[in-house]
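S.K.:
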Amino acid sequence: MIFDRAVLGEPQPNTTFELNGIYRGSHELAVQVVSAAGEVLLISDPITVYIHRPRVGMGK
-17 MIFDRAVLGE PQPNTTFELN GIYRGSHELA VQVVSAAGEV LLISDPITVY IHRPRVGMGK
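In this note's numbering, the protein residues as written are -17 to 42.
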């Protein structure tokens, strides 16, 4: 997983990822496919996600 242009964590065989402690605002995500030898085989196009954390009493 590439988060805000930095590799996040170690390579894993899963296709789902859990991200914790992400601050609000815009973030860029991409994934890499890595061989058993550690070679990067391909990299996805990045996507931008926007994190919003609503607060109690924000009004409607």
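Positions of the beta carbon are idealized from the N, C-alpha and C atoms, including for glycine.
Just verifying my parser: in three-state terms, what is the DSSP assignment at V38?
M.R.: By one-based count along the sequence shown, residue 38 stands at place 56. Coil.
S.K.: On the premise that E10 lies in contact with T(-3), defined as a C-beta separation below 8 Å, what is that separation, rounded to the nearest angstrom?
M.R.: Residue mapping note: residue -3 aligns to position 15 of the sequence shown, counting from 1. Residue mapping note: residue 10 aligns to position 28 of the sequence shown, counting from 1. About 19 Å separates the two Cβ atoms, so there is no contact after all.
S.K.: Which residue from M(-17), V16, E(-8), Y32 puts its Cα closest to that of Y5?
M.R.: As a working note, residue 5 is residue 23 in the sequence shown. With distances taken between Cα atoms, Y5 lies closest to Y32.
S.K.: Does F(-1) come out as helix, strand or coil in the three-state DSSP assignment?
M.R.: On the sequence shown, residue -1 is found 17 positions in, with the first residue counted as 1. F(-1): coil per DSSP, three-state reduction.
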